[in-house]
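Chemist: Attaching a single structure in structure tokens format; questions to follow.
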Amino acid sequence: MQPPLQAQGAMANVAAILTVPCSAGRRPKRSSQPRGCGSVSVSVSVRASSGANTVTLLDYGAGNVRSVRNAIRYLGFDIRDVQSPEDIVAAERLVFPGVGAFGSAMDVLNRTGMANALREYIQRDRPFLGICLGLQLLFDSSEENGPVSGLGVIPGVVRRFDSSNGLIVPHIGWNALQITKDTPLLQGADGQHVYFVHSYRVLPSDANRNWISSICNYGDSFISSISMGNIQAVQFHPEKSGATGLSILKEFLRPNSLGTKVPARRKASKLAKRFKSPALFS
Numbered sequence: 001m002q003p004p005l006q007a008q009g010a011m012a013n014v015a016a017i018l019t020v021p022c023s024a025g026r027r028p029k030r031s032s033q034p035r036g037c038g039s040v041s042v043s044v045s046v047r048a049s050s051g052a053n054t055v056t057l058l059d060y061g062a063g064n065v066r067s068v069r070n071a072i073r074y075l076g077f078d079i080r081d082v083q084s085p086e087d088i089v090a091a092e093r094l095v096f097p098g099v100g101a102f103g104s105a106m107d108v109l110n111r112t113g114m115a116n117a118l119r120e121y122i123q124r125d126r127p128f129l130g131i132c133l134g135l136q137l138l139f140d141s142s143e144e145n146g147p148v149s150g151l152g153v154i155p156g157v158v159r160r161f162d163s164s165n166g167l168i169v170p171h172i173g174w175n176a177l178q179i180t181k182d183t184p185l186l187q188g189a190d191g192q193h194v195y196f197v198h199s200y201r202v203l204p205s206d207a208n209r210n211w212i213s214s215i216c217n218y219g220d221s222f223i224s225s226i227s228m229g230n231i232q233a234v235q236f237h238p239e240k241s242g243a244t245g246l247s248i249l250k251e252f253l254r255p256n257s258l259g260t261k262v263p264a265r266r267k268a269s270k271l272a273k274r275f276k277s278p279a280l281f282s
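According to the UniProt record's numbering, the sequence shown is numbered sequentially starting from 1.
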């Protein structure tokens with residue numbers, strides 16, 4: 001089995017060090033831990049290369065997303081931070097590394113007008129990558145301090161892992177992906193171990209199965225990634241998942257990498273049917 005933190009030669013000349021632990025806090029006994037997975041230093045650049053493309057990052061201030069920033073810059077991309085809803089709509093590629101509680105995140109997005117901007121951006125099938133909470137917020141609602149309504153893009157409810165049978169929650173550590181849909185983003189990732197930190201998840205259902213690109217097992221099978229057109233999201237942390245995670249992140253960041261033609265910003269896609277108030281975007 002290839003270790004998930006296999007260092008690559010390209011990392012040798014970069015400037016900063018990101019320490020990626022096997023787990024944070026308590027180590028869950030039932031989580032799949034690949035052999036040779038210890039605390040490993042992975043070099044990550046803190047400056048983008050000259051002339052690099054630009055990616056828009058939605059950091060709404062709920063937590064530390066420095067690892068995501070460092071990973072993006074290491075891969076050779078500049079970062080433009082979202083300052084207003086208009087920045088979301090104008091983005092060429094948007095990365096949303098959501099952290100924190102579902103309700104708090106939706107409160108910020110609703111108060112700032114960014115929730116509707118996200119819906120418009122996604123409705124038009126613009127390139128989007130949600131990470132962790134950035135995946136969960138795409139669903140209808142969450143039971144965390146709720147119910148709390150989400151963005152309503154994908155059918156489903158975010159629920160806490162069932163710990164009644166002794167399952168350790170949160171799910172922290174490495175686990176293997178089971179690919180259910182061929183996508184450029186997850187090319188070669190079947191069976192690879194990636195890094196998770198979460199207490200809530202979404203279960204597969206008939207209503208959302210067309211969105212699912214991979215599942216993972218921890219107590220039960222949960223959605224570990226989704227893919228539909230240019231809309232991508234992952235429950236795991238690619239920026240903390242070694243070579244596999246960086247490959248996934250790089251595949252999203254590369255222009256025209258998803259194999260899907262990017263539509264004009266004013267052309268609404270079929271995703272509009274998922275929204276309760278499509279007139280918002282007319």
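Note that beta-carbon positions come from the ideal geometry of N, C-alpha and C, so glycine has one too.
(1) Just to confirm before moving on: does the CB-CB distance between residue 174 and residue 200 stay below 8 Å?
(2) Mind checking who residue 227 pairs with in its DSSP beta bridge?
(3) Taking the beta strand (DSSP E) that residue 241 falls in, what are its first and last residues?
(4) Based on Cα-Cα distance, which residue from 81, 216, 244, 158 lies nearest to residue 139?
(5) On a CA-only basis, which of 122, 144, 127, 68 is nearest residue 185? Give me that one, please.
(6) Tell me, to the nearest whole angstrom, how far the beta carbon of residue 214 is from that of residue 221; I am working on the premise that it is less than 8 Å.
(7) So, for residue 60: in the same chain, excluding its five sequence neighbours on each side, which residues have a beta-carbon less than 6 Å away from its beta-carbon?
(8) Taking residue 229 as the reference, give the member of 238, 210, 78 with the closest Cα.
(9) On the CB-based measure, 16 or more other CB atoms within 10 Å of its CB, does residue 180 come out buried or exposed?
(10) Name the two residues that bound the continuous alpha helix (DSSP H) containing residue 104.
(11) How would you label residue 54, buried or exposed, when you count the other beta carbons within 10 angstroms and need 16 or more for buried?
(12) Less than 6 Å between C-beta atoms, sequence neighbours within five positions excluded: which residues of the same chain meet that for residue 57?
(13) Checking 8 Å against the spacing of the C-beta atoms, do residue 178 and residue 132 come in under that value?
(14) Tell me whether the beta-carbon of residue 235 lies closer than 8 Å to the beta-carbon of residue 198.
(15) Spell out whether any CB of chain C is found under 8 Å from the CB atom of residue 155.
(16) Would you decide whether residue 255 is buried or exposed? Buried here means 16 or more other CB atoms lie within 10 Å of its CB.
Modeler: Per the coordinate set shown:
(1) Annotated as distal: residue 174 and residue 200, with beta-carbon spacing of 8 Å or more.
(2) 232
(3) Counting along the chain, residue 241 falls outside any beta strand (DSSP E), and DSSP gives it neither H nor E.
(4) 158
(5) 127
(6) With 8 Å as the limit, residue 214 and residue 221 do not qualify as a contact, their Cβ atoms being about 10 Å apart.
(7) 108
(8) 210
(9) Taking every protein chain shown into account, the CB of residue 180 has 16 or more other CB atoms within 10 angstroms, so this residue is buried.
(10) 102 to 112 is the span of the alpha helix (DSSP H), which, as asked, contains residue 104.
(11) exposed
(12) 79, 81, 95
(13) no
(14) yes
(15) In the structure shown, chain C does not exist; there is a single protein chain.
(16) exposed
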